[in-house]
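Quick mapping for you: the protein sequence lines, in order, are chains A and B.
According to my numbering, the first sequence is numbered sequentially starting from 237.
According to my numbering, the second sequence is numbered sequentially starting from 65.
Ideal Cβ positions, reconstructed from N, Cα and C, are used throughout, including at glycine.
One structure is given below, encoded as structure tokens.
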Amino acid sequence: MRPHPVSRTLAPWLLAALLSLPAAAHAQSAAEHEQAVARLVAELRTLESDPSLADLAGLERLKARQAVADAQEAKRRDRAHSVRIADLRIAAARAAAEAELLAGQSQQLDRERDQIMIEASQREAEQARRETERLRLQALAREEALQRELEESAAAQTLALEAAAAETAQARKLAQARAREAELARKEAELAAAVAGGDITDAPAPPSRREGGRTVYTLAGNAFGSGSASLTANAQASLRTLAGSLPASGTIRIEGHTDSQGADAANLALSKRRADAVRRALEDAGVSGGRLSATGKGESSPVADNGSADGRARNRRVEIIVE
Amino acid sequence: MTLSSLKIHLALALLLLASSSGAFAQDSAELLAAEAAVASAERAQPRGDAADLLADARAQLKAARDAHVRRKRQDALHLARSAEATADLARARAALDAARADVDSKSARNADLRRRLLVNGGRR
Numbered sequence: 237m238r239p240h241p242v243s244r245t246l247a248p249w250l251l252a253a254l255l256s257l258p259a260a261a262h263a264q265s266a267a268e269h270e271q272a273v274a275r276l277v278a279e280l281r282t283l284e285s286d287p288s289l290a291d292l293a294g295l296e297r298l299k300a301r302q303a304v305a306d307a308q309e310a311k312r313r314d315r316a317h318s319v320r321i322a323d324l325r326i327a328a329a330r331a332a333a334e335a336e337l338l339a340g341q342s343q344q345l346d347r348e349r350d351q352i353m354i355e356a357s358q359r360e361a362e363q364a365r366r367e368t369e370r371l372r373l374q375a376l377a378r379e380e381a382l383q384r385e386l387e388e389s390a391a392a393q394t395l396a397l398e399a400a401a402a403e404t405a406q407a408r409k410l411a412q413a414r415a416r417e418a419e420l421a422r423k424e425a426e427l428a429a430a431v432a433g434g435d436i437t438d439a440p441a442p443p444s445r446r447e448g449g450r451t452v453y454t455l456a457g458n459a460f461g462s463g464s465a466s467l468t469a470n471a472q473a474s475l476r477t478l479a480g481s482l483p484a485s486g487t488i489r490i491e492g493h494t495d496s497q498g499a500d501a502a503n504l505a506l507s508k509r510r511a512d513a514v515r516r517a518l519e520d521a522g523v524s525g526g527r528l529s530a531t532g533k534g535e536s537s538p539v540a541d542n543g544s545a546d547g548r549a550r551n552r553r554v555e556i557i558v559e
Numbered sequence: 065m066t067l068s069s070l071k072i073h074l075a076l077a078l079l080l081l082a083s084s085s086g087a088f089a090q091d092s093a094e095l096l097a098a099e100a101a102v103a104s105a106e107r108a109q110p111r112g113d114a115a116d117l118l119a120d121a122r123a124q125l126k127a128a129r130d131a132h133v134r135r136k137r138q139d140a141l142h143l144a145r146s147a148e149a150t151a152d153l154a155r156a157r158a159a160l161d162a163a164r165a166d167v168d169s170k171s172a173r174n175a176d177l178r179r180r181l182l183v184n185g186g187r188r
């Protein structure tokens with residue numbers, strides 16, 4: 237039987253197609269493998285270039301690199317297997333690296349925990365210190381308040397005692413002054429009687445000093461009875477002598493002074509009364525009243541320390557200023 | 065058969081035997097490596113996906129042993145290597161899961177400590 241003409245025409249083509257089928261399949265398989273290997277290389281490169289995973293899981297990375305290299309070099313029959321192994325190795329390397337990264341974070345969290353505990357302890361200590369300081373200040377304030385109360389109470393007691401003592405002293409002084417006044421009045425009466433009887437006829441003028449263009453005569457405090465404005469007989473005689481020696485013209489100022497004992501107002505009044513008594517004595521001795529003026533200075537112009545008896549005696553005086 | 069021909073046949077037989085012995089030793093080494101990897105993964109106590117991977121590795125190891133017994137060398141080699149790689153992945157995933165849980169736990173612990181000790185003024 238002769239072959240059909242069409243069959244005879246197609247036979248070579250069919251034979252060629254049949255012969256080329258394995259070659260085409262082989263070419264397709266090689267291309268797919270190349271794509272798979274390219275994917276593996278890319279995945280490995282991604283893993284290697286991840287900065288957060290750098291230098292982690294060294295052994296697993298090495299195995300992954302080796303597996304990818306094996307896949308690149310694999311024979312045709314081993315290609316699928318080698319690609320699968322490389323996939324597993326890359327996945328294992330990534331997981332191991334991430335696990336190591338997390339282990340590092342875990343250690344960091346432990347350090348953070350320690351830091352929190354330290355900070356909390358420091359805060360607690362600081363709070364305790366502040367509380368202690370607050371309590372200390374509170375106690376100090378209470379102590380100061382108590383001390384102040386005690387001091388105020390003591391001061392009040394002291395003032396009361398001082399007031400009582402001053403009152404007692406004042407009363408004693410007053411009694412003494414009255415007794416002395418009575419004594420001096422008695423002596424004055426005796427002296428007046430003596431003068432009247434011619435016992436005291438002459439006495440020196442009061443001591444004097446020059447101040448600028450003026451002459452100042454000082455009648456000492458003992459010219460009067462204590463607390464009194466009455467001149468003693470000696471003082472009256474002394475003033476009569478002074479009156480006889482005064483110039484015929486010019487003004488004469490008479491200033492009374494006291495010491496600081498007693499109230500200001502009382503001292504001022506006493507000094508004025510004594511100045512008036514001297515003025516009257518001078519008038520009685522013949523000095524024109526128009527030339528005379530009398531003022532009381534009280535304790536305002538001391539010439540000596542009032543702290544001593546001698547000083548107080550010097551401050552009790554009447555000054556006759558002749559200008 | 066001449067003497068020379070006998071020598072040649074004997075040499076070929078020895079060569080075949082040595083080659084077969086070397087291949088057997090390589091298969092055994094791969095199986096041992098796979099068994100070690102599986103044991104290591106089991107010690108990591110994997111859960112979830114990692115446990116599934118470990119189950120796969122065990123199955124592949126068993127299949128590799130079977131293939132080795134049946135002297136299907138290529139299959140045994142592939143299965144053993146696959147079991148080893150799968151077990152290594154199971155172990156790495158188990159470690160990753162454990163590390164994640166550890167970090168999550170410590171993060172929560174630190175946040176709680178910070179809130180209790182620092183934010184709330186140190187009252188415990």
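Three-state secondary structure assigned by DSSP to residue i
| i | result |
| --- | --- |
| G522(A) | coil |
| V558(A) | strand |
| K544(A) | First, the residue type needs correcting, since residue 544(A) is Ser and not Lys in the sequence shown. DSSP places S544(A) in coil when its eight states are reduced to three. |
| R187(B) | Since pLDDT at R187(B) reaches only 48, below the 50 mark, its modelled position is unreliable, and no value is offered. |
| L338(A) | helix |
| R552(A) | coil |
| R129(B) | helix |
| E535(A) | coil |
| L298(A) | helix |
| S529(A) | strand |
| T454(A) | strand |
| G480(A) | helix |
| L467(A) | strand |
| L70(B) | helix |
CB of residue i within 8 Å of CB of residue j, strictly
| i | j | result |
| --- | --- | --- |
| G547(A) | T494(A) | no |
| A335(A) | L289(A) | no |
| N458(A) | S496(A) | no |
| G463(A) | L397(A) | no |
| V539(A) | T451(A) | no |
| L420(A) | G461(A) | yes |
| D438(A) | T477(A) | yes |
| Y453(A) | A441(A) | yes |
| L528(A) | R515(A) | yes |
| R297(A) | A329(A) | yes |
| A521(A) | L475(A) | yes |
| S352(A) | L182(B) | In the sequence as presented, Ser is not what sits at residue 352(A); that position holds Ile. It is a contact, given that the beta carbons lie within the stated cut-off. |
| L338(A) | A175(B) | no |
Pick from the options that is closest to residue i, judged by C-alpha positions
| i | options | result |
| --- | --- | --- |
| A616(A) | A247(A), S544(A), L289(A) and I490(A) | This structure leaves residue 616(A) out entirely; chain A is present only between 237 and 559. |
| E555(A) | E270(A), S444(A) and R516(A) | S444(A) |
| D113(B) | D139(B), A147(B), L141(B) and A156(B) | A156(B) |
| A469(A) | R422(A), R365(A), I354(A) and Q383(A) | R422(A) |
| L143(B) | V183(B), L74(B) and L125(B) | L125(B) |
| L410(A) | L376(A), A499(A) and D291(A) | A499(A) |
| L518(A) | T487(A), S537(A) and S544(A) | T487(A) |
| E270(A) | L373(A), A293(A), R312(A) and Q343(A) | R312(A) |
| V273(A) | L371(A), D314(A) and A381(A) | D314(A) |
| S265(A) | V319(A), A293(A) and R408(A) | V319(A) |
(request) For the stretch 381-452 of chain A, list the beta strand (DSSP E) runs that are entirely contained and at least 3 residues long, ordered along the chain. (result) 444-447
(message) Check whether the stretch 146-163 of chain B and the stretch 111-122 of chain B touch, using three or more Cβ-Cβ pairs below 8 Å as the test.
(response) Touching, per the Cβ criterion.
(request) Specify whether the stretch 168-182 of chain B and the stretch 337-355 of chain A touch according to this definition: at least 3 beta carbon pairs, one from each stretch, less than 8 Å apart. (result) yes
(message) Does the stretch 296-306 of chain A come into contact with the stretch 324-344 of chain A, if we say contact requires no fewer than three beta-carbon pairs (one atom in each stretch) closer than 8 Å?
(response) yes
(message) Check whether the stretch 128-147 of chain B and the stretch 92-100 of chain B are in contact - that is, three or more C-beta pairs closer than 8 Å.
(response) yes
(request) With a floor of 3 residues, list each beta strand (DSSP E) that falls wholly inside the stretch 95-152 of chain B, ordered by position along the chain. (result) For the stretch 95-152 of chain B, not one full-length beta strand (DSSP E) segment reaches 3 residues or more.
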